[in-house]
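Be aware that the sequence shown starts at 23, since it is given in the numbering used here, and climbs by one per residue. These notes concern the structure reproduced below.
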Amino acid sequence: MSGYRLTRRAERDLAGIWDAIAHDKSQSTANRVIEEIRQDLRTLARNPEMAVLRDDLADEPLRVWPIYSYLIVYRAGPRPIEIIRVVHGARDLVRLFEKRR
């Protein structure tokens with residue numbers, strides 16, 4: 023077991039990140055970035071409290087972890103942790119998550 027679970031939205035986020043990087047750079051670069059994101063997901067699963075706590079995003083506290091120009095947003099509750107989104111860091115997280123409040 024990986025210690026984390028991706029929501030469908032997070033799976034689509036990762037696919038979109040791969041597509042964008044493969045289009046702008048190369049498939050090998052896209053593969054490397056996705057693997058590094060997945061490595062951070064495994065690290066977060068082992069140490070779920072290490073990311074910044076954001077209680078302004080949803081009714082339940084979420085945590086946010088940066089990697090490259092992206093942010094991993096997850097719920098650290100009981101294991102496995104739940105990866106909610108993986109979004110570009112320029113996104114307005116409060117606006118993105120306002121429907122979760």
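Positions of the beta carbon are idealized from the N, C-alpha and C atoms, including for glycine. Computed from a predicted model, the values in this text were never measured in an experiment.
Determine, using beta carbons only, whether residue i comes closer than 7 Å to chain B.
i   : result
A42 : Although the question refers to chain B, the structure presented lacks it and comprises just one protein chain.
When you compare only the Cα positions, how much space is there between residue i and residue j?
i    : j    : result
I94  : A52  : 17 Å
V108 : P102 : 17 Å
D46  : A37  : 14 Å
M23  : A42  : At M23, the pLDDT of 47 sits below 50, so the modelled position is not reliable; the number obtained from the coordinates is stated separately. Distance between the alpha carbons of M23 and A42: 29 Å.
V116 : E82  : 13 Å
R113 : L63  : 20 Å
R97  : S50  : 30 Å
I106 : Y92  : 13 Å
D77  : A44  : 34 Å
T65  : D35  : 19 Å
Taking the DSSP output, what are the residues bridged to residue i?
i   : result
R97 : E104
V86 : V74, V95
R54 : DSSP output for R54 lists no bridge partner at all.
L28 : I105
For residue i, which of helix, strand or coil comes out of DSSP?
i    : result
R113 : coil
L79  : coil
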